[in-house]
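Residue numbers (my numbering): 331 to 835.
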């Protein structure tokens, strides 16, 4: 029997076809083996499979749980392969400190992630996923300066947060004590703070356009950090095949369109002498540097920078507050202690102030414990080695993708008394004073520490104390009790949807 000939090619018999198939298979396996050759003294890890590497060792829906198991089995520095991408997972606070703090520049780069390739190519590198270098330094420095100029650390922003908390209270009051899901309202309220800095205005909770944007970004975060996003990052060719991953790019387009409209409106009313917000400041700086061929202040670059600020200023704080309220309904005795401290230090009449935090160790401890146990960003965002380096004695080549396993620091049994339980005592000493263990790094650490950390700290304290000053939060009767041990992972780790009731105090 002979196989039909292709034009210009000789006929292939079965024997010839089998020889060709065997040759191609052997060639592919040898090529795969060569791609997986490692340098001497490379970190240990489980043996991978041809072409897919260690994907079968990692649950892409809950990779932080898989990394925890690999940590226990292989140690603090574990090498993996996702397809042909070399990955090293760093676990344990001392390991993370050595890499991200003591050798911060060595680990300061970002990998090229296919799920963001379209954004980065067409709308600048932004801040979060910018490669380490002049662009990143320029944009990060400018962004931090503008955040301070437009309120960060100032009384004006503090008052703005308290005012937004009052708006959130009114929304909660409209539920009239009936069960409701708080997540979206919290997300909207927190988002309005960064919106006031970036866009110069807030959005009403009923603004359909803004509501759609928040839903779009929330869905994108779930997809990008979930199974399909991770699969696409490992096998970029999947972009050319149909599947749920295409929703990621559709959502990115929606967010870009929203931001482009905001930027266009700012251009029309721009006063370079009196910038009203971050977008005005960026556009003004862009005009100043228009003749500089190396500038990062490009016409297209503003979109990604603004998006990074918007996302960083919304998602982590709103998710943490959702965890905090869940812990309050699950631990009413803790909630009662928070109420007592608020009544004693602040009272029921005046609004909370940031300066109250120093006199409220228990409330501060509850907020920090909500961050720790909520484990908002369990694997941080991926880093990449900027140069050949070492950690814990192992050699890690330049260009290796690094996953800082923050979960390992926040749940380290050698540091926390009851790491898997809600215990504000983790942040209190024997005298009842607030203390913060060095291993508490929910915002990561080093060069790539979260840009919105200071803003988040302000928001968490002021939103939380204002809500607890006004309400008692309770579980609905005759409904299943939610569990904090179950969560959904996207870019952030969120509690499963839950309902609660509020009662005015």
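Ideal Cβ placement from N, Cα and C applies to all residues, glycine included.
Whether residue i touches residue j by CB criterion (7 Å)
| i | j | result |
| --- | --- | --- |
| residue 786 | residue 739 | no |
| residue 523 | residue 491 | yes |
| residue 589 | residue 547 | no |
| residue 691 | residue 763 | yes |
| residue 416 | residue 614 | no |
| residue 606 | residue 556 | no |
| residue 724 | residue 441 | no |
| residue 672 | residue 799 | yes |
| residue 700 | residue 657 | yes |
| residue 469 | residue 710 | no |
| residue 849 | residue 749 | The shown model of the chain, from 331 to 835, leaves out residue 849, and the question about it has no answer. |
| residue 824 | residue 815 | no |
| residue 791 | residue 674 | no |
| residue 563 | residue 734 | no |
Rounded straight-line distance, which links the Cα of residue j to that of residue i
| i | j | result |
| --- | --- | --- |
| residue 406 | residue 772 | 19 Å |
| residue 694 | residue 508 | 29 Å |
| residue 629 | residue 616 | 7 Å |
| residue 794 | residue 670 | 14 Å |
| residue 400 | residue 538 | 45 Å |
| residue 717 | residue 433 | 11 Å |
| residue 437 | residue 781 | 17 Å |
| residue 639 | residue 420 | 27 Å |
| residue 736 | residue 560 | 18 Å |
| residue 497 | residue 519 | 8 Å |
| residue 643 | residue 540 | 15 Å |
| residue 804 | residue 812 | 12 Å |
| residue 767 | residue 697 | 14 Å |
| residue 446 | residue 646 | 20 Å |
| residue 732 | residue 721 | 12 Å |
Bridge partner(s) assigned by DSSP for residue i
| i | result |
| --- | --- |
| residue 416 | 411 |
| residue 832 | 803 |
| residue 787 | According to DSSP, residue 787 bridges with nothing at all. |
| residue 818 | 824 |
| residue 838 | The first residue shown for the chain is 331 and the last is 835, placing residue 838 beyond what the model contains. |
| residue 383 | 379, 412 |
| residue 758 | 764 |
| residue 510 | 830 |
Classification of residue i by the beta-carbon crowding that lies within 10 angstroms, buried from 16 upward
| i | result |
| --- | --- |
| residue 384 | buried |
| residue 495 | buried |
| residue 635 | buried |
| residue 834 | exposed |
| residue 348 | exposed |
| residue 459 | buried |
| residue 567 | exposed |
| residue 776 | buried |
| residue 477 | buried |
| residue 680 | exposed |
| residue 830 | buried |
| residue 412 | buried |
| residue 573 | exposed |
Check: residue i C-beta below 6 Å from any heavy atom of the ligand GDP
| i | result |
| --- | --- |
| residue 429 | Absent from the structure shown: the ligand GDP. Ligands present: none. |
Residue i at chain C interface by Cβ criterion, 7 Å
| i | result |
| --- | --- |
| residue 481 | You won't find chain C in this structure, because it holds only one protein chain. |
Alpha helix (DSSP H) segments (min. 4 residues) lying fully within the region 587-624: 608-618
Contiguous beta strand (DSSP E) assignments of at least 3 residues, all confined to the region 675-742: 719-721, 724-726, 731-734
Whole runs of the alpha helix (DSSP H) within the region 636-676, excluding any shorter than 4 residues: 645-660, 662-675
Runs of alpha helix (DSSP H) wholly within the region 423-504 (minimum 4 residues, chain order): 423-427, 447-452, 464-479, 485-503
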